[in-house]
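A quick write-up on the structure given underneath.
Listed below in structure tokens is the structure:
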């Protein structure tokens, strides 16, 4: 176990299919293996358990992000590293959550819309294009790109390991971890699904 761990929220934002969840899974595995206390707040899981009944209107999306931010804040102040994987399309609410939490690293998981649509593991883009899903981010609702993210991961150009390593290096640089990079980074998780 790591002594005197500092809490921090790592907030991964980006389009559906950009690779947020995959990067979170990689980070969770690597940081746990080094003895860090980690909690993961995945947008889909939170919506099922904490935000049921909310729609995809702007007001309800903001409320969903506030709820996730509240939980992340509680965990962060109790010295947990919190990995948040959520589209969070609007800048203002991301900024509000960042200010509330304080110890916060914004990660822009950047993949072009075309690439996200090709990945479309859940079939959501197909449904949105067919009109079966309304207010879908990137199709008929906007995504406001972070203006100054702490880390940018270009998942159409990088491996999962390369993207995760950027985040791990930022954590170490800011004093949240003493994470030791491992040579296996070059071989694992070579592609985002």
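In the working numbering, the protein residues as written are 79 to 271.
All residues carry an ideal CB built from backbone N, CA and C; glycine is no exception.
Nearest residue (CA-CA) to residue 96, options 200, 212, 250, 207: Looking only at 200, 212, 250, 207, the smallest Cα-Cα distance to residue 96 is reached by 200.
Cβ atoms of residue 238 and residue 100: under 7 angstroms apart, would you say? Judged by beta-carbon spacing, residue 238 lies within the 7 angstroms limit of residue 100, meaning their Cβ atoms are closer than that value.
For the region 151–222, list the beta strand (DSSP E) runs that are entirely contained and at least 3 residues long, ordered along the chain. For the region 151–222, whole beta strand (DSSP E) runs of length 3 or above, ordered along the chain, are 159–163, 182–188.
Output the boundary residues of the alpha helix (DSSP H) element that contains residue 106. Where residue 106 is concerned, the enclosing alpha helix (DSSP H) starts and stops at 98–111.
Given a cut-off of 7 angstroms, decide if residue 92 and residue 187 are closer than it, judged by their beta-carbon atoms. Yes, the Cβ-Cβ distance between residue 187 and residue 92 is below 7 angstroms.
Across which residues does DSSP place residue 255 in a beta bridge pair? DSSP, once it has assigned bridges, lists no residue as partnering residue 255.
Strictly under 7 angstroms for the Cβ-Cβ distance: is residue 225 near chain D by that measure? Annotation note: the requested chain D is absent from the structure, which comprises a single protein chain.
Answer with buried or exposed for residue 208, where buried requires no fewer than 16 other C-beta atoms within 10 angstroms of its C-beta. By the neighbour-count rule (16 or more Cβ atoms within 10 Å), residue 208 is not buried but exposed.
Helix, strand or coil, according to DSSP, for residue 141 in the structure here? In the structure shown, residue 141 sits in a helix (DSSP, three-state: H, G or I).
Nearest CA to the CA of residue 235: which residue from 166, 194, 137, 102? Answer by Cα proximity: 194.
CB-CB length for residue 161 against residue 102, believed under 8 angstroms: Indeed they touch by this definition, with Cβ atoms about 5 angstroms apart.
DSSP three-state assignment for residue 136, whether helix, strand or coil: Secondary structure at residue 136: helix, using DSSP grouped into helix, strand and coil.
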